[in-house]
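See structure below.
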Amino acid sequence: MFEILNDKYINLLLSLTKESGGYEELKPILAEIDMKKLFDIAVAHELDGVAAAKIIKYDLCELPDYWKKKYDEETQRLTFLKNKATDICRIMDENGIKMVVLKNGGIMSDMIEDPAACPMEDIDSLVKKSDFKKAHEILINNGFVFKFRSEYEFEKLEEAYRDGSTEYYIEMPDGNKMWFELAWRAVAGRWIRLDKEPDTDDLMKDAYYAEGTKVGILSPEDNLLQVCIHTAKHSYVRAPGLRLHMDVDRIVNHKSIDWDLFIKKVNAAHVRVAVYFSLLIPYKILGTPIPDFVLEQLKPKKAKEKRIYTLLSNAGLLYPKKRKFSKLQFLKFQMSLYDSAEDMLAVLYPKNGKLHELYQYKNPLLTPYYILLRGLDLVGIRKKKKD
2 MFEILNDKYI NLLLSLTKES GGYEELKPIL AEIDMKKLFD IAVAHELDGV AAAKIIKYDL
62 CELPDYWKKK YDEETQRLTF LKNKATDICR IMDENGIKMV VLKNGGIMSD MIEDPAACPM
122 EDIDSLVKKS DFKKAHEILI NNGFVFKFRS EYEFEKLEEA YRDGSTEYYI EMPDGNKMWF
182 ELAWRAVAGR WIRLDKEPDT DDLMKDAYYA EGTKVGILSP EDNLLQVCIH TAKHSYVRAP
242 GLRLHMDVDR IVNHKSIDWD LFIKKVNAAH VRVAVYFSLL IPYKILGTPI PDFVLEQLKP
302 KKAKEKRIYT LLSNAGLLYP KKRKFSKLQF LKFQMSLYDS AEDMLAVLYP KNGKLHELYQ
362 YKNPLLTPYY ILLRGLDLVG IRKKKKD
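When we follow the numbering used here, the leftmost residue of the sequence shown carries the number 2, and every step to the right adds one.
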């Protein structure tokens, strides 16, 4: 899987996207390589803005006109996203709602100065469950249209509320859509039990504001856990691919992590295996300074580690839009990411009425049927149909 580091262009691209420095050493390499080839590879991996930002900031070489044009377009688009997210968080605050911006949106607001260096397609936000419906109304009243991007989901607020998130869009000056996700569940995913999801109210207590704004940011440990689970949700190698691993790299490099507290949170959420690979990959390809003791404490048993590593190696880290797994491989991969068989069963059959809440059925005799549907939903086989 890490043989990609032997490729001169990929290695250079990764060196331009990591946060640990050493950029001056890249000047002689950039002077000799085919810039158009580097640009095309960067675009294929959605890293052209990141690489351009580093080249410009550290004056590493002359950026070709075609690359500068793309960089300027990305700067304009992502600046709009950043400003709109900042405005919405301010409006939420004025209405008594604390809103946290997750993943790249939060990283852009709090850690990275150049918007073009934070490639993303949307803004993901988090509010308390008790504030969710009011936040929905505020978004609608401020020009956002309630609409899911997936053709298999439909705009029913109560159902979306039960699931934990809604989606919206607003038109940008260039006529394109800016997408905005509102959620009250921060780390929902296939490999986390419903009864082990961190409580959003607790996350909000530890969240802080990006300097000079009302943009909420999760605590460093909660933020790192959230992006690790998000990376696992995308199977590490599927779209958006390499840039997924920048989230871990940026948080670890820009924030002071209490690693003992982080491990405690990982154990509490029962996501040791999923988080291990989310840390291992940037540690290997970006040199992210993750302490060895952290990886050792989270490392799965040899057989499981080898099985997952083999599946990821066969899928490959490059070109995320290509098909990575067969259905059987994907099922095997997902099952391997659970910390234990008990956790897998608890995800498949959430107790304490959670399955009834998810599928809105009353007859207990239908439980086996809905357990089957739950399994199909988790592996992405069953699709919801629009009304």
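Using N, Cα and C, we set each Cβ at its ideal position, and we do this for glycine too.
Start and end residues, beta strand (DSSP E) containing residue i
i           : result
residue 102 : 101-103
Under 8 Å between C-beta atoms of residue i and residue j
i           : j           : result
residue 169 : residue 146 : yes
residue 246 : residue 282 : yes
residue 132 : residue 103 : no
residue 248 : residue 276 : no
residue 251 : residue 20  : yes
residue 139 : residue 173 : no
residue 238 : residue 321 : yes
residue 119 : residue 215 : no
residue 167 : residue 187 : no
residue 160 : residue 149 : no
residue 135 : residue 98  : yes
residue 204 : residue 219 : yes
residue 286 : residue 15  : yes
residue 208 : residue 101 : yes
residue 347 : residue 244 : no
residue 22  : residue 117 : no
residue 17  : residue 6   : no
residue 372 : residue 338 : no
residue 263 : residue 222 : yes
residue 59  : residue 34  : no
residue 340 : residue 274 : yes
residue 64  : residue 56  : yes
residue 224 : residue 376 : no
residue 179 : residue 82  : yes
residue 62  : residue 32  : yes
residue 115 : residue 181 : no
residue 1   : residue 271 : The structure shown has nothing for residue 1, since the chain only spans 2 to 388.
residue 129 : residue 185 : yes
residue 360 : residue 374 : yes
Residue burial classification, residue i (beta-carbon count within 10 angstroms, cutoff 16)
i           : result
residue 356 : buried
residue 217 : buried
residue 236 : buried
residue 2   : buried
residue 72  : buried
residue 52  : buried
residue 153 : exposed
residue 158 : exposed
residue 113 : buried
residue 259 : exposed
residue 242 : buried
residue 315 : exposed
residue 25  : exposed
residue 233 : buried
residue 105 : buried
residue 324 : exposed
residue 330 : exposed
residue 95  : exposed
residue 66  : exposed
residue 199 : buried
residue 335 : buried
residue 37  : exposed
residue 110 : buried
residue 279 : buried
residue 294 : exposed
Cross-strand partners of residue i (DSSP beta bridge)
i           : result
residue 127 : 101, 184
residue 218 : 209
Extent of the continuous alpha helix (DSSP H) run through residue i
i           : result
residue 137 : 133-142
residue 284 : 273-286
residue 36  : 36-45
residue 16  : 9-18
residue 306 : 303-316
residue 376 : 368-379
residue 345 : 342-349
residue 331 : 328-337
residue 360 : 355-360
residue 268 : 260-270
residue 29  : 28-31
residue 252 : 247-255
residue 294 : 293-299
Problem - Segments assigned alpha helix (DSSP H), at least 4 residues, entirely inside the stretch 147-213 - result: The stretch 147-213 contains these whole alpha helix (DSSP H) runs: 158-164, 201-207.
Handout entry: Runs of beta strand (DSSP E) wholly within the stretch 52-108 (minimum 3 residues, chain order)
Key = With a minimum length of 3 residues, the continuous beta strand (DSSP E) runs that stay inside the stretch 52-108 are 101-103.
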